[in-house]
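Undergrad: The structure is given below, and queries will be raised subsequently.
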C-alpha cells in the first residue's frame, strides 16, 4: 500500500535544502563580518550547520585582530 506522504522520499531533499540554506547564511554573515565569503559559503554547503562553532570562533578572532587583544568591546 502506498502512502501519500513517505518521509524517506523527502529525506534527501531536506538535506539538500538544509545545506543550501546554511551556505547562504554563512555567505551573508561572512560578508557582514568581513570574512572570506566564498570560502565560508563553500564550507557551509559541505558541512552545513555543524560549522557554526568554527564560524563563530573565526568571527571572534577577526574582530579581536582588528580591535586588539587588550581592549574591551561591546557589541549589541
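In the working numbering, the protein residues as written are 6 to 81. Here a beta-carbon is modelled for each residue, glycine too, at the ideal position from N, C-alpha and C.
Hey, would you say residue 56 sits closer than 8 Å to residue 48, going by beta carbons?
TA: Yes, they are a contact pair.
Undergrad: Going by beta carbon distance, what residues of the same chain come within less than 8 Å of residue 50, once the five residues before and after it are set aside?
TA: Cβ within range, chain order: 24, 25, 27 and 28.
Undergrad: Tell me whether residue 79 is buried or exposed, calling it buried when 16 or more other Cβ atoms sit within 10 Å of its Cβ.
TA: Exposed.
Undergrad: I need the straight-line Cα distance from residue 68 to residue 13, nearest angstrom please.
TA: Those two C-alpha atoms are separated by around 43 Å.
Undergrad: I'd like the ranges of any alpha helix (DSSP H) spanning at least 4 consecutive residues and lying wholly in the region 37-68.
TA: You should have 42-52.
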